[in-house]
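In what follows, a structure is listed as structure tokens, so that the remarks can point back to it.
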Amino acid sequence: MADNVLVEQRPQVTEPNGGTGKRVRSPGAPPPGVPWLFMAPYLLLFGGFVLLPIVYGLWISLHDYDYTLPGHPWVGLANYTALFSSDSTVFSDFWNSMKATGIFTLGSVPLLLVVPLAVALVMNQRFKGRNVFRALFFAPYVLGVAVVAVLWRFLLDANIGLVNQVAGAVGLPDKTAWLTSTPSAWVALIGVTVWWTLGFNAVIYLAGLQEIPEELYEAARVDGASAWQRFRHVTLPGLKPVVSFVTMITIISSANVFGQPYLMTRGAPGTETRTAIYYFTDQGLRNYQMGNAAAMSYVLTLVLILASLLVTWAFRERRG
Amino acid sequence: MNDSQHFPLSRRHFIALGGSAAAAATLAACGGGKSASDAAGAGSKPKSTFSGAYSGPAVTLSYWNGFTGGDGPFMKKMVADFMKENPKITVSGNTVEWAQYYQRMPAAVTAGKGPDVGVMHMDQLATNAARRIILPLDDLAKSLGLAEDDFTPEVWKAGIYKDARYGIPLDVHSLAMYWNTDQAKAAGVSDAPTDGQAFMAELDKLKSSVKQPFWMPTRWPAHLMFYSLLWQFGGELYAKDGSKALYDSDQGVQALQWMVDIVKKGYSPKNVAQDSQYVGFKNKKLAVTWDGIWQINDLKATKLPFGIAPIPKIGNQEAVWANSHNFYISKQAEKDDNKLNAAKTFIDWMSKHSGDWAGAGMIPARKTVRESAAVTNSTQAPIAKKIESMHFLPPIPGVADISGQTIEIAVADAVLGKQSPKDALAASAKKATAQMEANKKKFGA
Numbered sequence: 010m011a012d013n014v015l016v017e018q019r020p021q022v023t024e025p026n027g028g029t030g031k032r033v034r035s036p037g038a039p040p041p042g043v044p045w046l047f048m049a050p051y052l053l054l055f056g057g058f059v060l061l062p063i064v065y066g067l068w069i070s071l072h073d074y075d076y077t078l079p080g081h082p083w084v085g086l087a088n089y090t091a092l093f094s095s096d097s098t099v100f101s102d103f104w105n106s107m108k109a110t111g112i113f114t115l116g117s118v119p120l121l122l123v124v125p126l127a128v129a130l131v132m133n134q135r136f137k138g139r140n141v142f143r144a145l146f147f148a149p150y151v152l153g154v155a156v157v158a159v160l161w162r163f164l165l166d167a168n169i170g171l172v173n174q175v176a177g178a179v180g181l182p183d184k185t186a187w188l189t190s191t192p193s194a195w196v197a198l199i200g201v202t203v204w205w206t207l208g209f210n211a212v213i214y215l216a217g218l219q220e221i222p223e224e225l226y227e228a229a230r231v232d233g234a235s236a237w238q239r240f241r242h243v244t245l246p247g248l249k250p251v252v253s254f255v256t257m258i259t260i261i262s263s264a265n266v267f268g269q270p271y272l273m274t275r276g277a278p279g280t281e282t283r284t285a286i287y288y289f290t291d292q293g294l295r296n297y298q299m300g301n302a303a304a305m306s307y308v309l310t311l312v313l314i315l316a317s318l319l320v321t322w323a324f325r326e327r328r329g
Numbered sequence: 096m097n098d099s100q101h102f103p104l105s106r107r108h109f110i111a112l113g114g115s116a117a118a119a120a121t122l123a124a125c126g127g128g129k130s131a132s133d134a135a136g137a138g139s140k141p142k143s144t145f146s147g148a149y150s151g152p153a154v155t156l157s158y159w160n161g162f163t164g165g166d167g168p169f170m171k172k173m174v175a176d177f178m179k180e181n182p183k184i185t186v187s188g189n190t191v192e193w194a195q196y197y198q199r200m201p202a203a204v205t206a207g208k209g210p211d212v213g214v215m216h217m218d219q220l221a222t223n224a225a226r227r228i229i230l231p232l233d234d235l236a237k238s239l240g241l242a243e244d245d246f247t248p249e250v251w252k253a254g255i256y257k258d259a260r261y262g263i264p265l266d267v268h269s270l271a272m273y274w275n276t277d278q279a280k281a282a283g284v285s286d287a288p289t290d291g292q293a294f295m296a297e298l299d300k301l302k303s304s305v306k307q308p309f310w311m312p313t314r315w316p317a318h319l320m321f322y323s324l325l326w327q328f329g330g331e332l333y334a335k336d337g338s339k340a341l342y343d344s345d346q347g348v349q350a351l352q353w354m355v356d357i358v359k360k361g362y363s364p365k366n367v368a369q370d371s372q373y374v375g376f377k378n379k380k381l382a383v384t385w386d387g388i389w390q391i392n393d394l395k396a397t398k399l400p401f402g403i404a405p406i407p408k409i410g411n412q413e414a415v416w417a418n419s420h421n422f423y424i425s426k427q428a429e430k431d432d433n434k435l436n437a438a439k440t441f442i443d444w445m446s447k448h449s450g451d452w453a454g455a456g457m458i459p460a461r462k463t464v465r466e467s468a469a470v471t472n473s474t475q476a477p478i479a480k481k482i483e484s485m486h487f488l489p490p491i492p493g494v495a496d497i498s499g500q501t502i503e504i505a506v507a508d509a510v511l512g513k514q515s516p517k518d519a520l521a522a523s524a525k526k527a528t529a530q531m532e533a534n535k536k537k538f539g540a
């Protein structure tokens, strides 16, 4: 397909005046319809499980939708306007949950970009026990969120948890309410998430590091570049596509945070750590306010699309 | 409390008590509109004459419950016994943790892949009745000979929504006071306190063996403690007609202030996160705790020496929060007469054998069963005696979800010291009222 496009466009670009303007099919091109045939299996899945739900969700968001009740009254954009009018019942809860997700994302994304990179750089060195080291850092990621969250909930408990016990034993404050006060709860939630998922990002970084040709480092060394200069001018530019990818998926997965606050803090104190997805789930699946929850999800999606565009723009190829 | 005493003898009570031909006719005529007549099967064929024995072809019933803890084995045993006596009915069980149960069950029933018969908490009956997930069971209650005088008025009334009964109570389970008998003995405490003054005096004594003897949770079961205290002080949670939250009253503030003071006066550490009051109790970090009687088997398994008593009277009357496991029949079973009858046979049998259920730590709902040795010799017997003072959430659709989003958070905020009890309750009640109004519109009350 890509080749095809190039062939079609080239005459128009290189011969702006002499071209006939008529589209030319290259001699090796398949008959029409064949590409669609090849894509059909994926398109079916994509259409059935992504496209259709997106459209259906939009339709739900325009109704007062409770699937267990026979009637779904049409409400137009009321579910959306409620999110932006301060006297509605959902306004403060919704924006509070968006804020919680924002805090979590801002706190966790930089750490999840930098710490795994450092780990990957170390993993990339040759030293004894390297495989054990790699496995250790990746191990938490294998655990499910339920295991991780329940484990840390007990470790971080203010009164019966091991963390405060140890902190007290070495002379640090031993009364920190990790799960019931902010900002400690944010430190706990972000810390646990970084511990849990850094292995994943580190593995992607590691793959990226191994793609950078050894010759470039050799050349840099011959030119007398220091370790920092090699990192700054060889490693980082070489990693750029990987960093862009990791940034994107980390932002999206952080914005989707649900299990950690749901299991560790229950949104405490108050609803301060109740994140967006947590609140949407409560609204949609527990209170059956599905129209409401769908509208909220679309607002979050819009924010995420904007964030993705921003990332793409930040990592764009700069020319000239 | 007040409602139960002053509640006029309404139509539904008359029906329940009477059981006469006239009452039966009234029932058929006014059993709550369409859904009621559907459920009783009174639509075209007169099949409401449920005999108590199943005589149709072999049938498989899908049965859902949430007994994942120490109560699970007792339920399994009862189901096995039932199948032995009723070989034509196969009960295929599905146990889902309660936390997920109320999300999955309505979806599964709507899709036709859920339970034909199941158990749910009493405070969920009205919600699921309003959603038409479950069927009215007045005919079954009548043929079982169930009447208000075999239950307490509170538990009886809480299963009625829009003049129709939706659940057959299996048990009641309330909050109770547990204490560590070793620590109590060491501190010279022998009797369980029955009023607020005695309770505080004993906490002071217990401080000699445990620095902070009574941990005040911020989450579960904190709101259950609040409900109990609110009722003890004479307050009310919600208006009976489901129009309004009432707990921001003076009585509510008094109740919550008592909880906050437990922390302020140093009987409890600050920031007691979810589960840690109970885990702490099991690990001897505290001497007294209020928790549900469903913990009895779990505590026995830990070999902790513990005593159990009703929660003391802190306010001016005895009252304690309770809930109840109820059998229901889903609209899924409605399509098949055999399943419907088999489900009724199942519930009938389980209700009559509910004495076996006492082993799970619960209190059988029927008075006749409560007087059996299985209950009077059980650990929870002293709690069972106080059944008259047990209060339930009123049958208002959506009320359990509203409580989770409003009052539970207000109690947590006050106990954490983030807000004064008065402010926390006022903001929370306002929000609950708004949600109740929305629900009223939605469910067409």
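Protein sequence lines correspond, in order, to chains P and F.
Positions 10 to 329 (the numbering used here) are the ones given, in order, by the first sequence.
Positions 96 to 540 (the numbering used here) are the ones given, in order, by the second sequence.
The beta-carbon is built from N, C-alpha and C at its ideal position, and this holds for glycine as well.
Please list the partners that P/P182 has in chain F, where partner means a Cβ-to-Cβ separation under 8 Å. Those within 8 Å of P/P182 in chain F number zero; the least Cβ separation is about 13 Å.
Would you say F/S419 and F/F321 are within 8 Å of each other, going by their C-beta atoms? no
Candidates F/Y333, F/L341, F/M354: which alpha carbon is nearest F/W310's? F/M354
Rounding to the nearest angstrom, what Cα-Cα distance links P/L313 and P/L67 in this structure? 17 Å
According to DSSP, simplified to helix, strand and coil, what is F/M457? coil
Does chain P have any CB closer than 8 Å to the CB of F/I228? yes
Do you know offhand how far P/M273's Cα is from F/Y362's? 25 Å
I need the straight-line Cα distance from P/L294 to F/G151, nearest angstrom please. 38 Å
Per-residue contacts from F/M313 into chain P (C-beta, under 8 Å): Looking at the sequence itself, residue 313 of chain F is Thr, so the reference to Met does not match. In chain order: T189, A277.
Strand pairing of F/D386, partner residues [DSSP]: F/A271
What in chain F is Cβ-close to P/Y76, meaning under 9 Å? P201, A202, T205
Does the structure place the region 152-159 of chain P close enough to the region 167-175 of chain P that three or more beta carbon pairs sit under 8 Å? no
Looking at C-beta atoms only, is the number of pairs between the region 509-524 of chain F and the region 275-285 of chain F that lie closer than 8 Å three or more? no
Alpha carbon of F/P308 to alpha carbon of F/A382, nearest angstrom: 5 Å
In chain P, which residues lie with their C-beta within 7 Å of the C-beta of F/K426? Within chain P, no residue comes near F/K426; the closest Cβ sits about 10 Å away, beyond 7 Å.
Name the residues in the region 294-317 of chain P whose C-beta lies less than 9 Å from a C-beta of chain F; which are they? L294, R295, N296, Y297, Q298
Do you know offhand how far P/G200's Cα is from F/I184's? 53 Å
Answer yes if the region 178-194 of chain F comes into contact with the region 224-232 of chain F, meaning at least three C-beta pairs across the two stretches below 8 Å, and no otherwise. no
Distance between P/H242 and F/K525 (C-alpha atoms, nearest Å): 60 Å
Count the other CB atoms within 10 Å of the CB of P/M48; is the residue buried (16 or more) or exposed (fewer)? exposed
With which residues is F/P309 paired in a DSSP beta bridge? Note that residue 309 of chain F is Phe in the sequence shown, not Pro. Answer is F/V383, bridged to F/F309.
Same chain, Cβ closer than 8 Å to P/S95, five either side skipped, listed in chain order: S101
Alpha helix (DSSP H) runs wholly inside the region 226-263 of chain F, at least 4 long, in chain order: 233-238, 248-252
Bridge-paired residues (DSSP) for F/V415: F/M485
Neighbourhood of F/L435 by C-beta, 6 Å cutoff - its chain only, sequence neighbours within 5 removed: A428
By the DSSP assignment, the alpha helix (DSSP H) with F/N392 in it spans what residues? 391-396
Check whether F/I263 and F/L241 have beta carbons under 8 Å apart: yes
Keeping to the same chain, check which residues put their C-beta closer than 6 Å to that of F/Y256; ignore five residues upstream and five downstream. A221, A224, P490
Please name the residue or residues paired with F/N160 in a DSSP beta bridge. F/T190
Residue range of the unbroken beta strand (DSSP E) whose run includes F/G213: 212-216
Is the beta carbon of P/A211 closer than 8 Å to that of P/M132? yes
According to DSSP, is F/D370 part of a helix, a strand, or is it coil? coil
Going by other Cβ atoms of all chains shown within 10 Å of its Cβ, with 16 needed for buried, is P/F55 buried or exposed? exposed
Residues near P/A167 by beta carbon distance below 8 Å, same chain, minus five either side: N173, K184, T185, A186, W187, L188, T189
At a Cβ threshold of 8 Å, is F/A507 touching chain P? yes
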